[in-house]
Every structure is written in C-alpha cells, then in structure tokens.
Amino acid sequence: MNMVNTQVRLAARPVGLPGDGDWTVTEERLPALETGQVLVRTLYVSIDPAMRGWMRGTPSYLPPLGLGDVMRAWTIGMVEDSRNTLFAEGEIVTGMLGVQRYAVTDGRGVTKIDPAEGPVSAHLGVLGVPGLSAYIGMLDIGRPREGETVVVSAAAGAVGNVAGQLARIHGCRVIGVVGGQEKCRHVVEDLGFDAAVDRRTEDVAEALRRHAPQGVDVYFDNVGGEVLDAAVRSLARGGRVVLCGAVSQYNSENGVGGLPGYISLLINRARMEGFLVFDHADRYPEARARLREWVKEGSLKVVEDVVPGRVVDFPRLLLRQFDGGNTGKLLLRVED
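In the UniProt record's numbering, the protein residues as written are 1 to 336.
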C-alpha cells in the first residue's frame with residue numbers, strides 16, 4: 001500500500017499545559033491490509049479536556065498512554081479499504097482511532113454512522129460522549145425536577161451546554177457558570193438559560209446567592225476547584241452534585257485542590273456523586289434516541305466549533321480546551 005500516514009505521538013509527560021516538546025509527529029508508510037482489517041481515513045478528530053488526564057502516567061479509568069503511543073482520540077472517518085466483511089468502502093464510521101491521518105483497525109469498537117440522519121460530526125458531540133455524559137449525568141444522576149434550580153459549570157462547553165439545555169427542557173431554572181461576557185450572552189440568549197455567572201469577573205459564591213436565593217438543587221460540575229466549592233456551599237437541602245469533570249485541575253502543577261465547603265453536604269443532607277459515561281453503555285440507545293428527537297424538534301440546539309486543518313494542528317487545538325477559546329464541541333476537521 002503506497003500511502004503515508006501522519007501521526008501525532010506522546011513524546012513526554014506534560015508538566016502543566018502540554019507544550020511542543022511533549023509531542024512528536026511521525027510519518028509511516030501504511031502496510032498492506034490483512035484479513036479482518038479496515039483502513040479508515042480520518043475526517044474529524046474530537047478535542048476533549050479528558051485527553052490531558054490520559055497523558056499522565058498514573059492509572060485511571062483508561063490505561064495511561066505510553067510514551068511514543070499515538071495520541072488517543074475519538075474520531076470519525078471514512079472506510080478507504082476493507083478486508084473485513086462487516087465494513088464496506090465508503091462507509092462512515094466512528095471510534096477511538098487516534099490522532100492520525102489514517103487508522104488500520106480490526107473493527108472492534110468501531111461503529112457505523114448513517115449520514116442520512118444528519119451531520120456526522122454530531123456523533124462526536126451531542127450524540128457522542130459529550131452528549132451522553134450530559135444526558136446520563138444530568139438526568140440519571142442529578143435527577144432534576146420541574147421548578148428546581150440547576151447550575152452548570154463550563155456551561156458553554158461540549159458537555160455543559162447540553163446538560164443545561166436538558167435541565168431547561170425538564171422545566172428547571174438554569175444558571176450557567178462560564179468564562180467571559182460573550183459566553184454569558186450565548187448561554188442566556190442562544191441556549192435559553194435563565195442566568196449566567198462570569199467566573200472571571202464575578203465572585204461565583206456571591207453570584208449564586210443572588211441568582212439562587214433558595215439554594216441550588218442540582219449542580220453539574222465540569223471544572224472542580226473554586227467553582228465546585230462555591231456551588232457546594234450554595235446547595236439547597238437535598239441538593240445533588242454531579243461530578244463529570246475537573247478541567248480547572250487537569251493542568252495543575254500543585255495537585256488537585258480540596259473542598260473546604262464540604263460540610264455543606266452534611267448540613268443540607270446533600271449528595272455528591274461522580275460517574276463515568278462508559279459505565280452506562282446500556283443507556284446509550286435510549287439517550288441517543290431522545291437527544292436526536294430533541295435536536296429534531298429544535299428544543300436542543302447543537303453547538304460546534306469546527307476548525308479545518310491537518311493532523312499536526314492537534315496540539316495547538318488541545319490548548320484551546322484550557323484557555324476558554326472555544327464554544328461548544330471543539331472538532332478538528334482534517335483536510336489534506
């Protein structure tokens with residue numbers, strides 16, 4: 001097979017934000033396919049905050065990447081060639097195939113996408129891990145009830161924007177915590193949130209007391225740190241805290257911060273629960289069906305930040321996840 005594959009590999013364990021020295025780009029000639037294998041050309045690469053955790057050398061919910069490994073990533077691609085009877089040339093597929101121009105796979109963990117159902121990019125966003133995380137975290141773990149007050153952090157991000165919209169769909173009053181006035185405007189005017197807090201210019205705890213004087217019933221956490229502590233201190237009796245992510249802590253050089261206000265959980269008979277979406281695979285079919293229906297009827301808006309580029313642009317785009325530079329689901333659309 002006379003084709004060259006460009007790959008982004010982990011060269012070093014980052015300290016703080018990933019830098020140029022933490023990556024290496026390799027080019028390798030693709031081998032001929034063996035029986036059972038599929039060649040997939042990458043169309044989209046999902047850029048996710050969780051990637052920072054995968055780069056650590058410590059055990060987690062997924063095995064750590066080894067130095068020299070192709071960077072792990074969810075992707076969407078087109079089947080270019082197949083020696084596997086389950087996949088045909090020209091089909092669109094998705095899977096964790098890595099940051100590379102082409103992927104050779106045996107098909108395990110790879111799922112077909114029907115382009116007739118809508119934009120395929122949605123399978124890395126509202127119909128992919130972010131949307132499923134929002135659905136399961138908000139509806140199964142948070143269990144919001146009509147009339148309750150729900151707060152979502154990183155509310156303009158891939159998971160947060162969906163989580164907040166789901167709470168709104170279920171009749172809740174929704175407050176989004178975001179970074180910057182434009183994102184405040186976006187979640188209120190475009191997504192229908194009731195209020196927004198700019199964590200960069202406002203005291204989050206004071207703002208939550210102002211917007212939720214009776215307390216917060218559900219807090220959906222994507223950031224950890226000081227925002228999590230402020231929300232816990234603002235809980236109503238019987239409040240629920242859903243731990244989905246901790247983006248403010250992923251690049252910390254001083255370890256993960258504590259939770260000084262944890263006593264509020266006791267005083268308010270509240271519950272705090274972490275979850276991993278991968279543990280709830282049995283819920284995916286229902287979740288995708290309902291998410292797709294809400295999108296179709298217009299009650300759930302799809303927000304994507306699609307950046308055209310090459311595989312080698314991945315390291316630069318990853319940094320946007322941590323500087324507040326994107327709104328919605330960040331995707332690299334791979335172009336030759």
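Positions of the beta carbon are idealized from the N, C-alpha and C atoms, including for glycine.
{"Query": "Under 8 Å, do ASN161 and LEU132 count as touching if we go by C-beta distance?", "Result": "no"}
{"Query": "With a threshold of 7 Å (Cβ to nearest heavy atom), would ASP20 be considered close to the ligand SAH?", "Result": "Of ligands this structure carries none, so the ligand SAH is not represented either."}
{"Query": "Return the chain-ordered list of same chain residues with a C-beta closer than 6 Å to the C-beta of GLY68, the five sequence neighbours on each side being excluded.", "Result": "ARG9"}
{"Query": "Closest by CA to GLY118, which one among VAL311, VAL306, PRO308, VAL302?", "Result": "VAL302"}
{"Query": "Note down the Cα distance separating VAL38 from PHE87, rounded to an integer number of angstroms.", "Result": "7 Å"}
{"Query": "For a quick check, are the C-beta atoms of GLY324 and GLY142 less than 8 Å apart?", "Result": "no"}
{"Query": "So PRO308 is in the beta strand (DSSP E); what residue range does that whole segment cover?", "Result": "304-309"}
{"Query": "Below 8 Å on the Cβ atoms is my guess for LYS329 versus PRO49; work out the distance and round it to an integer in Å.", "Result": "Actually they do not touch by this definition, with Cβ atoms about 12 Å apart."}
{"Query": "Which residue or residues does DSSP assign as beta-bridge partners of ARG173?", "Result": "THR149"}
{"Query": "Please return the same chain residues whose Cβ sits closer than 8 Å to the Cβ of GLY225, not counting the five positions on each side in sequence.", "Result": "ALA246, SER248, GLN249, GLY257"}
{"Query": "Among the residues of its own chain, which have a CB less than 6 Å from the CB of GLU148, if the five just before and after it don't count?", "Result": "CYS172, ASP217"}
{"Query": "In three-state DSSP terms, what is VAL15?", "Result": "coil"}
{"Query": "Could you check which residue in TYR102, ARG101, LEU97 has the C-alpha nearest to that of VAL110?", "Result": "LEU97"}
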